[in-house]
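Structure first, then comments.
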Amino acid sequence: MWEVTRPARPGRVPGVVLTGFRDLGPAPVDHRLDPHPVLTLALTCGEAALGIDESTGRQHRGSLVTGLGFGAGGAARVRAANVEWIQVRLSPAIARAVLGVSPAELENSVVALDDLWGERRAARLREQLARAASWEARFALVEGFLTPLSATGPAIEPELAWAWDRIVAGHGRVRVDGLAAELGWSRKRLWSRFHTQLGLPPKRAVQLVRFDWAATRLAGGQDAAGVAADCGYADQSHLHREVVAFTGVTPATVAGGSLIATADLAWVDQVPRLSV
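Written out as structure tokens, the structure is:
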């Protein structure tokens, strides 16, 4: 379905993971879009456009941004034909700096990149990507584009960057009460600031990170009972309920027709940390 290319060297922008996709054809791509604990930039590299169809029937084409956790429920679809594009996974901790809006404003939504960055800036990047001679050149272009944005844009509170990194490093196997206690914050304070600046309540963020780790392992062929035990679910039934809630399908079929199966790339294993 897809030819997948990753950068040859580690990324230079903390909180960003890049992957290149090329549609192999001959039939058009049509598969389920599952949620991830990231915001995703989809940057097209030519004339053909990537498409995302929402469960509401709304259709989006071209370079896009999907909000944190977009695709929950399994009703969103990715559609494409003869497309080359770069997937930019953005940690919610740097999304505001890069995109110019809070992740909370993009929660579970799709927005055209032209609407966020303006037509001129988005068109310039699209044209440069189309002219680039290789995937490595494209990756370098994107990193060069994102670096000054991430360095100069508005930052979240360092305590929240630390809390997010703890959730990611623990594959979602952390307690929100424990995070609040380590910060010396009340649970209410952590919930309010986390939701406002990162886009989800902390408990939902924990669930989404844990799901990403579990789904990637399921897509890699590991059995559901082992995944449930290793990923911190109470039992296999608990894993089953959360996978169905996030994807609309059972753990046994989560790998079918999803970018999880194609890329075999867990965000929680790849993202550079933001805090020390």
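Our numbering puts the first residue of the sequence shown at 55, with every later residue one more than the last.
Ideal placement from N, C-alpha and C gives every residue a C-beta, glycine not left out.
Margin query: Let's see if you can read the secondary structure: which residues bound the beta strand (DSSP E) around threonine 73?
Written below: 70 to 77
Notebook entry, point to check: So the alpha helix (DSSP H) leucine 262 belongs to, where does it begin and stop?
Noted result: 256 to 273
Next item on the list: Please look up how many angstroms separate the CB atoms of valine 164 and threonine 120, rounded, as I've assumed it's under 8 Å.
Entry: 5 Å
Note to self: Taking its Cβ as the centre, do 16 or more other Cβ atoms sit within 10 Å of glycine 198, making it buried, or is it exposed?
What the structure shows: exposed
Item checked: leucine 262 to glycine 172 span [Cα, whole Å] -> The alpha-carbon atoms of leucine 262 and glycine 172 are separated by roughly 30 Å.
Notebook entry, point to check: Run through DSSP, which three-state label would glycine 105 get?
Noted result: strand
Checklist line | Local conformation of alanine 279 per DSSP, three classes | finding: helix
Item checked: Spatially closest choice to glycine 27 from Arg271, Arg178, Leu122 and Ser291, by CA coordinates -> Residue numbering for the chain in the displayed model covers 55 to 330; residue 27 lies beyond these limits and cannot be assessed.
Item checked: Closest Cα partner of serine 188 within the set His249, Ala103, Phe300 and Trp139 -> Trp139
Check: Which residue's Cα is closest to the Cα of glycine 275: Thr307, Ala126 and Ser117?
Finding: Thr307
Next item on the list: Thinking alanine 184 and glycine 302 are a contact (beta carbons under 8 Å), I'd like their distance in whole angstroms, please.
Entry: About 35 Å separates the two Cβ atoms, so there is no contact after all.
Check: Hey, how far is the Cα of serine 156 from the Cα of arginine 143?
Finding: Counting only the Cα atoms, arginine 143 lies some 16 Å from serine 156.
Checklist line | C-beta atoms of aspartate 266 and histidine 85 nearer than 8 Å | finding: Against a cut-off of 8 Å, the Cβ pair of histidine 85 and aspartate 266 comes out as no contact.
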